[in-house]
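UniProt numbering applies: residue 1 is where the sequence shown begins, and numbers increase by one.
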Amino acid sequence: MTLEGKLFCSIYKSPRRDGMYLYVERAKGLKDLPEALINQFGAPRHVTDMILDPRRPLARAGVDEVMARIREQGFYLQMPPPPDEDLYLAEGHPDRPRHA
């Protein structure tokens, strides 16, 4: 099997923030990541390995951007999606803004 034009990566989940994921090249792993990133991310928890292919889209990020970032900086950091405004403003939500 050839990986020409593709990228074999590992995906890690942050224990500190729901929805935050770190994509790295599988062969390199976590060894060359900036210390500041790991301090913010927390101890990475392995989720899965996958082959990124420009012809197969990802759910929350552009596959071309993810592959480019991994190749250029050694990782891609996927941030959590913004909160659903309707849910956030719903009656009973614990973080709903209180109006005087």
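Glycine included, every Cβ here is placed at the ideal spot set by N, Cα and C. From a predicted model like this one, the values you see are computed outputs, not experimental measurements.
Residue of the options minimising C-alpha distance to residue i
i: R45; options: P81, L3, Y21 and D64; result: Y21
i: Q73; options: K13, G19, K31 and P15; result: K31
i: R69; options: V24, G42, G19 and K13; result: V24
Three-state secondary structure assigned by DSSP to residue i
i: M67; result: helix
i: E72; result: helix
i: L52; result: strand
i: L33; result: coil
Separation of residue j from residue i, as counted between CA atoms
i: P82; j: A61; result: 14 Å
i: R17; j: E4; result: 34 Å
i: I11; j: R26; result: 9 Å
i: residue 101; j: I38; result: As displayed, the chain neither begins before 1 nor continues past 100, which places residue 101 out of reach and without an answer.
i: L52; j: P34; result: 23 Å
i: P80; j: Q40; result: 14 Å
Chain-order list of residues whose beta-carbon lies under 8 Å from that of residue i (same chain, five-residue window excluded)
i: P54; result: G5, K6, V63, D64 and M67
i: P57; result: V63
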